[in-house]
Structure formats: C-alpha cells, structure tokens
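Chemist: Got a structure for you, questions after.
Protein chains in written order, with our numbering: chain A, 47 to 299; chain B, 47 to 299.
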C-alpha cells in the first residue's frame, strides 16, 4: 500500500500566465492550458483519504465537492497558499482540519472567522502523525513566515514536499540526510540569480540545498514565469534526476 | 449615450451553493449553473471602459484579460469583495486604479504589497467623478467596515448600487431622495428576521430603506442560500417592482 501526490498548482504567487504579461512563457501558457501554473498546492491520496497540501487554488469547492477533502496540510499562511480557505470556511455541517505551523497572525481574518475550519492541531517541528498507513512528518523550512515542509513515508517509499523555502534549516537538512527519498519536491521559483535569493530558491540554491541528501527524483515547483522562460533555453543543463513539476502531474509512491 | 451594468456575482460570502450544503437552494444551484451565485460584484460598461464594482470573483484574470479592466470601484475590503485582488496585483507593466473608501486596514497584505494596484484615489463621502459621459458618486453605507455605494448617472437615467449595507445612513437616504432612480440594487442577504439584522439587510429592512425613494426597478443582490430558500415559497409576495438579481443579468441605462 502506497500513496500518490498530484500537483494541483506549480506556480508562484503571480501564477503563469502573469496578468498582462506577454513574455514567451506567459504567451505559451495562455494558448496552451497544460502549460499554466496555478498557486503551488497538491493533493495527497492515502487509502481513500484526500489531504490537500495548501489551499491557494480558488476552485477547490468545485474540484473537491464535500466531503472529498479529508483535511489540509498547510505549509504557511501567505495569500497564494491560503486564499482558497476564505470561501471554504463558510461551508456547513462539517469540520475541516487545517494542520499548519504555529503562526500567531495566520491569513486575513481566518482566525477571527474560521467557520468550519479547525486550526487547533498545529504541528511541532519534526512531529509525526499517522494518516492510515502513511507517516507524515512536518519539517521546518526557511521563509518569511513560519513555514513547514511535509515528508510522507510508507513501506513503498518516501516523498518530501518542501516549499516555500530558500535553502533548509540545518536541523531539517540533518533530519533528511538520514532518510532516503524516492521523491523530493522543492521550491525553485527563480532562474539562477547573481546574489543569494530571499524567501525562495533559485536554481542554484535549490540544487545546493539537496546536496548530501539521497534523492532518487527531484521535482522543482513554485515556478515563476521567469523560471519558465529560463527553462525554454536551459532545461537540458539540469542534472538528469531533476524534473519540472506541472499542474496535474502525479507521483506514485 | 447610456451605460450598462452586468452582475458578475449576486451571492453572499458563502456563495450559492454553500460548501457541503444540501438544502433545496444549494442542490438546485449545484445542478443548474444559472442558479449559482458568486461573490457580489458587477461590471459597469461606459463608452468602451469596463469598471468592476468589487473584485471578489477569483476568475477575473481569465474573464477580463488585460487590459480589459479599466479600474475597480471597491465598496469595501471584506474578503468576499476583495479576494480577487490578491492575484491581480501581481500583474506587470500597468497600473490598476482601485477607488475605494478610506480604510486604514484594507484587506490582508494588499496595502503592504500592492503590486500594480493603486489605492491612492480614495473617495470622500458624496464625491462625484466623471467616467466618460457618466457621473459616478460614492455614497456612505452602513456596514461593519467603511463601505460605499455607487450611483451612476447619465442623460438616460440613474442607477444606484448599494451593498453591503443594513439600512442607510440618514445623509445617504436624504441624498438619494433628491434623485429619482431608474434602477436601485440593494443588499438583501436574508429572509425576514425576527429582530433587526446586523451588517446586511433582510427583506424587511431592504424594503424599508427604500421607502421615500423614487425607484422604478429595485434589484436584490448579495443573497444567501437561506434567502434563495425563502424565495422558492415567497417570491410572489414581493412588490411588483422588486426583482431578484442573477449572475450574468444585465441592466441598461
């Protein structure tokens, strides 16, 4: 018994296409739906349960009519990861667990008016919880708000989902070093920059943060349109185990 | 030369259907797209310009590819009226005017990270501005946040858009008494309540706030699913000049 992860969105906060942008990446995405990138998020399917990683998409009620969402693993409370909660909260006759980091602010007025959302089960760093036969562990990331990655483990393999982040805290890197990963999904928002990026990885820091880790397949997500532009010319320069995530892509573990 | 108003959304913050609700109104809306209600908002078309009233819909970039939105007339900064700005702001190569009330808080981190949005042109109470041949006036409403209605006037007629509100401030009622309205669009979120409602009109207070005004056609908007349930039985009890707004409906002035 394994689990699967489907990318629901693989873009940054601006998404691809960017509003009013006519760069080659945005033009292509506007004419070919398969090249679009929604807000970075995913659904993990475990023994009939569906856990969202983040709720930045605004079509969640349409896409996952109740009671199809078991709960939400929230990485952090920036708008592009939490805005879908603004509508879902006004559902009725149910409670929807949102397991996220301790963050005194949260997003907008979600804590003040949570509706059906239950924010009470926050994660401690490196805490593990069982979802059916899968162990999920929350690992701290480096971002401008409290932010967690999630590592899913079954007898069939291990998958880490690590966005938003720039590099990794030392303790998270050390924890991951002990655990070979079938899949590692990482924030790679930017093409290579001249200086160390802030808040989000560029290609250089995304590859650097994975050094010393045992990763079979590495997936970049949270891509900006500049990153898509860069890939049109430089995709072949990436190591062969590096893949570019796409909305709708599935990983099976 | 006149203008037109199209309702983009006519629901309350929960929209219709409500997530996980199986009431008769939500079941009907789920099976018949024409009965759905998105976040209350509209587009006013004036001589080739398109001004949105509120930005609560999350499909604005798809529906109005740049540069189709001239600007946004923001009634107030609650999530269901402002959440669409979270994405639009990250557009490029343009400025998008958002004319709203003075509100020191705004919504989420929009003021901190406005991107292409220009919030500088706030309205004074009863201030008028010209948009081509149409005069637009901002009138104060009664709500839990600073909130403005908008009155559009051309040689062909006058249309008032008054949501979110419960009743009207005396000075707004007096101002409107002097000005016959071809159309008046008002917040009617709730079926008749036992006690005076807070923040949003029920049927009783919606009708009461229009007493003394010269209105040819009155449209209810911002409807909850409870209001839709009530209408299934009581629609015929409403005065003959009262209509129920629907997403996609047009008014021509």
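Built from N, CA and C at the ideal position, the CB exists for glycine as well.
Counting only C-beta atoms, is residue 273/A closer than 9 angstroms to chain B at any point?
Modeler: Output row for residue 273/A: interface = no.
Chemist: Note down the Cα distance separating residue 279/B from residue 71/B, rounded to an integer number of angstroms.
Modeler: Cα-Cα distance, rounded: 11 angstroms.
Chemist: Examine chain A for any beta-carbon lying closer than 9 angstroms to the beta-carbon of residue 212/B, and answer yes or no.
Modeler: With 9 angstroms as the cut-off, residue 212/B does not count as an interface residue toward chain A.
Chemist: May I ask you to verify whether the region 219-235 of chain B touches the region 251-261 of chain B, counting CB pairs closer than 8 angstroms and requiring at least 3?
Modeler: Output reads yes: the region 251-261 of chain B touches the region 219-235 of chain B.
Chemist: Which residues in chain E sit within 8 angstroms of residue 117/B, going by Cβ to Cβ distance?
Modeler: Absent from the structure: chain E. Protein chains present are A and B.
Chemist: Less than 8 angstroms between C-beta atoms, sequence neighbours within five positions excluded: which residues of the same chain meet that for residue 259/B?
Modeler: So the qualifying residues of the chain are 219, 222, 223, 227 and 230.
Chemist: Once the 5 residues before and after residue 76/B are set aside, which same chain residues still bring their CB inside 6 angstroms of it?
Modeler: Correct list, in chain order: 63.
Chemist: Verify the CB distance criterion: does residue 113/B have a CB-CB separation below 9 angstroms to chain A?
Modeler: Answer yes: the Cβ-Cβ gap between residue 113/B and chain A drops below 9 angstroms somewhere.
Chemist: Residues of chain B with CB closer than 9 angstroms to the CB of residue 32/A, please, in chain order.
Modeler: Any answer about residue 32/A is impossible in this case: the structure gives chain A only from 47 up to 299.
Chemist: Starting from residue 208/B and walking both ways along the alpha helix (DSSP H), at which residues does that stretch end?
Modeler: Here residue 208/B belongs to no alpha helix (DSSP H); instead the beta strand (DSSP E) covers 203-208.
Chemist: Would you report the Cα separation of residue 116/B and residue 89/B, rounded to the nearest angstrom?
Modeler: Each residue's alpha carbon lies about 10 angstroms from the other.
Chemist: Between residue 54/B and residue 299/A, what straight-line distance do the alpha-carbon atoms span, to the nearest angstrom?
Modeler: The alpha-carbon atoms of residue 54/B and residue 299/A are separated by roughly 43 angstroms.
Chemist: May I ask you to report which of helix, strand or coil DSSP gives residue 169/A?
Modeler: Coil.
Chemist: What does the Cβ neighbour count give for residue 139/A, buried or exposed, with the cut at 16 atoms within 10 Å?
Modeler: Result: exposed.
Chemist: Going straight from the alpha carbon of residue 174/A to that of residue 102/A, what length do you get?
Modeler: Each residue's alpha carbon lies about 24 angstroms from the other.
Chemist: I'd like to know if the region 203-216 of chain A and the region 240-247 of chain A are in contact, where contact means that at least 3 CB-CB pairs between them fall below 8 angstroms.
Modeler: Taking 8 angstroms as the limit for Cβ pairs, the verdict is that the region 240-247 of chain A does touch the region 203-216 of chain A.
Chemist: Below 8 angstroms CB to CB, which residues in the same chain sit around residue 170/B once its five sequence neighbours on both sides are set aside?
Modeler: Result list for residue 170/B: 184, in chain order.
Chemist: Residue 143/B and residue 118/B: beta carbons closer than 9 angstroms?
Modeler: Cβ atoms of residue 143/B and residue 118/B: closer than 9 angstroms.
Chemist: Expressed to the nearest angstrom, what Euclidean distance is found between the alpha-carbon atoms of residue 114/A and residue 177/A?
Modeler: Approximately 15 angstroms between the Cα atoms of the pair.
Chemist: Compare the C-beta of residue 136/B against all C-beta atoms of chain A and say whether one is closer than 9 angstroms.
Modeler: Chain A, which has a Cβ nearer than 9 angstroms to the Cβ of residue 136/B, makes this yes.
Chemist: Can you tell me which of the three DSSP states residue 145/A falls into?
Modeler: In this structure, residue 145/A counts as strand in the three-state DSSP scheme.
Chemist: Which residues bound the alpha helix (DSSP H) around residue 279/B?
Modeler: Note, residue 279/B: alpha helix (DSSP H), 271-280.
Chemist: First and last residue of the beta strand (DSSP E) that includes residue 127/B?
Modeler: Per DSSP, residue 127/B belongs to no beta strand (DSSP E); it is in the alpha helix (DSSP H), 125-128.
Chemist: With distances taken from CA atoms, which of 266/B, 78/B and 261/B is nearest residue 251/B?
Modeler: Measuring from the Cα of residue 251/B, the nearest candidate turns out to be 266/B.
Chemist: If you check the beta carbons only, do residue 74/B and residue 57/B fall under 9 angstroms apart?
Modeler: No. Outside cutoff.
Chemist: Find the residues of chain A that neighbour residue 139/B, judging by a C-beta separation of less than 9 angstroms, and give them in chain order.
Modeler: Those within 9 angstroms of residue 139/B in chain A are 66, 67 and 68.
Chemist: Would you check if the distance between the CB atom of residue 22/A and the CB atom of residue 289/A is smaller than 9 angstroms?
Modeler: Shown here, chain A extends from 47 to 299; a query on residue 22/A therefore has no answer.
Chemist: Helix, strand or coil for residue 106/A per DSSP?
Modeler: Three-state DSSP puts residue 106/A in a helix.
Chemist: Which stretch, first to last residue, makes up the alpha helix (DSSP H) that contains residue 253/A?
Modeler: Element bounds for residue 253/A: 249-255.
Chemist: If you check the beta carbons only, do residue 206/A and residue 179/A fall under 9 angstroms apart?
Modeler: No; because the gap between Cβ atoms is not below 9 angstroms, this pair is not in contact.
Chemist: Is there a C-beta anywhere in chain B that falls below 9 angstroms from the one on residue 244/A?
Modeler: Judged by the 9 angstroms Cβ criterion, residue 244/A is not in contact with chain B.
Chemist: Quick check on residue 187/B: does DSSP put it in helix, strand or coil?
Modeler: Here residue 187/B sits in coil by DSSP.
Chemist: With a threshold of 6 angstroms on Cβ separation, who are the neighbours of residue 151/B within its own chain once the five nearest residues in sequence on each side are excluded?
Modeler: No residues qualify anywhere along the chain.
Chemist: Please list the partners that residue 155/A has in chain B, where partner means a Cβ-to-Cβ separation under 8 angstroms.
Modeler: Simply 125.
Chemist: Please list the partners that residue 107/B has in chain A, where partner means a Cβ-to-Cβ separation under 7 angstroms.
Modeler: What residue 107/B touches in chain A: 65.
Chemist: Tell me the rounded alpha-carbon separation between residue 264/A and residue 132/B.
Modeler: So the two alpha carbons sit approximately 30 angstroms from each other.
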